[in-house]
Amino acid sequence: MRFEPFQLDRWIERHRGRDLIDLAGSVGAPWTVGALLDLEPQLDWRDRGVLYAPIGGSEELRRAIAAHVATDPEHVFVTTGAAEAIAILAADAAEPGRNVVLPDPGYPAFSGLPRAFGLEVRRYQVDRERGFALDPDAVARLIDARTALVFVNTPHNPSGACCDASGIDAVARAAAAAGEALVVVDQVFHPIELDRPTPPVATRPGVVALGDMSKALSLSGLRIGWIVEPDPTRRQRYRDLRAYFTLGSGEPVEALAALALRHTATLLERTRGRARTNRAALAEVLGRRADVVAWVPPAGGLVAFPWLRSGESTRDLAEGLARDGVLIAPGDTLGHPDHFRIALASVEEETFQRAVETLDCGLAHLERRASA
Ligand SMILES: Cc1ncc(COP(=O)(O)O)c(C=O)c1O
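When the sequence shown is numbered by the numbering used here, its final residue is 984 and no position is left out of the sequence of numbers.
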């Protein structure tokens, strides 16, 4: 088993600890433990246990997640971030000759994990020319009787494109017609839909949803994710796999996660507000430099994925910006060198404004060079 290097996280790790405005990740407005505890000051934490939580998550947490994504608590299987959910699904699907279908561009673990487990990777394009919209027909063309998993991601990382229920239903019909493919809808950025609200994905046999506390709720340090899986046989298999991988989460972390889920409106408000304001600030700069850069404004999620019209790599731009105090993710870390990814809500509005002014200087330099 060989894992391909996780280029995006290598880039982020390389710059960790430096005094930079960090727009390379994909989380929103950060919280402190104190601010979370202040949401319910009457709770006494000293009597809380510090043992393993049940492998699939405590009932308290599963109920809180179920209320957040409008599902049955029985169907919720807790994981160590959505990262472990993807690992469990890939391990469960691993069988010689099987394949997985996933978006390009897309979150690197969708391909890296299944490939390491020996599955063939088939990529469908989410084209910038089509606003990065999911094309269910393009997905359907790649699915066959040997397809184990079909990943759909909405809001999509890195573009922020959102897919409605009809698109997911079309993919689910194609999967059911071809054989046994499980459709996995990664909605870790839900409900950060910035233009119009979208309900959580309706899961059913053959369609599961992934979520987490890391992105929309911006509590990545809790390392809590989940799979909404209606099939009890599959849930039992996930339980066995998690018993090998991480053995579960811990009691204090699950209790803190359940607390946070009782206050989602408060948590989401700050991140959504920032994402909208900062998206407008970014639009202003990208509009000013439209000769050299283009983008599709993200309809949801916490990142944007602009590109250089020249087609050249953004690596130099990203290195230059890092020297000037701003960290973005160069597109080669996501397999698209002419793009860059920029986080919308990781820093507050004033800091973001300073960052996009630095970006503006970098783009102005490219503009001058292009017209020289
Ligand atoms: C689309 C997507 N899915 C899953 C993950 C994994 O996140 P976590 O393990 O923090 O839940 C990420 C992280 O960036 C992501 O962007």
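Built from N, CA and C at the ideal position, the CB exists for glycine as well.
Cβ neighbours of residue i in the same chain (closer than 7 Å, five flanking residues each side left out)
i	result
Ser723	Leu714 and Val733
Arg614	Ala728
Leu648	Leu868, Leu871 and Ala872
Ala665	Gly860, Ser861, Gly862, Glu863 and Glu866
Gly932	Gly974
Val915	Ser638, Asn769, Pro770, Gly772, Arg953, Ile954, Ala955 and Leu956
Thr683	Thr815 and Val840
Gly743	Ala773 and Val908
Leu620	Pro720, Ala941, Thr945 and Leu946
Ala855	Ile667
Thr799	Before going on, a small fix: residue 799 reads as Gln here, not Thr. Closer than 7 Å at Cβ, skipping near neighbours: Thr766, Pro812, Val813, Ala821, Leu822 and Gly823.
Ala906	Pro918, Trp919 and Arg921
Gly779	Leu746 and Pro748
Asp807	Ala911
Ile624	Ala636 and Gly637
Nearest-angstrom beta carbon gap, residue j and residue i [assumed within contact, 8 Å]
i	j	result
Asp843	Pro817	6 Å
Leu873	Ala676	4 Å
His802	Ala828	6 Å
Val762	Leu746	Their Cβ separation, rounded to whole angstroms, is 11 Å, which puts Val762 and Leu746 out of contact at 8 Å.
Ala895	Gly772	So it is not a contact: roughly 13 Å between Cβ atoms.
Arg710	Arg758	5 Å
Ile755	Ala787	6 Å
Ile633	Ala967	4 Å
Thr889	Glu961	5 Å
Arg849	Phe689	Incorrect: roughly 10 Å between the Cβ atoms, too far for contact.
Proximal residues to residue i (C-beta, below 8 Å), its chain only, five neighbours per side dropped
i	result
Asp950	Trp919, Leu920, Ser922, Gly923, Glu924, Ser925, Thr926 and Gly943
Pro642	Ser830 and Ser958
Ala695	Ala721 and Gly837
Pro809	Pro803
Ala705	Val712, Pro726, Phe729, Leu731, Ala760, Leu761 and Leu794
Leu880	Pro803, Ile804, Ala828 and Leu829
Glu979	Arg901, Asp903 and Val904
Pro708	Gly730
Residues of its chain near residue i, where Cβ-Cβ distance is below 6 Å and the 5 sequence neighbours each way are ignored
i	result
Gln965	Ala893
Val819	Ala784 and Val795
Arg891	Leu956
Pro685	Arg674, Arg675 and Ala678
>> Would the stretch 786-793 count as touching the stretch 727-747 if we require 3 or more Cβ pairs under 8 Å?
In response: Counting Cβ pairs under 8 Å, fewer than three are found: no touch.
> Residues with a Cβ closer than 6 Å to any heavy atom of ligand 1, in chain order?
Replying inline: With the cut-off at 6 Å, the residues found are Ser638, Gly693, Ala694, Ala695, Tyr719, Asn765, Asn769, Asp798, Val800, Asp824, Ser826, Ser832 and Gly837.
>> If contact is defined by three or more beta carbon pairs under 8 Å, each pair taking one atom from either stretch, is the stretch 938-950 in contact with the stretch 828-839?
In response: Touching, no.
>> Taking contact to mean 3 or more Cβ pairs, one atom from each stretch, closer than 8 Å, check whether the stretch 969-979 and the stretch 667-675 are in contact.
In response: Counting Cβ pairs under 8 Å, fewer than three are found: no touch.
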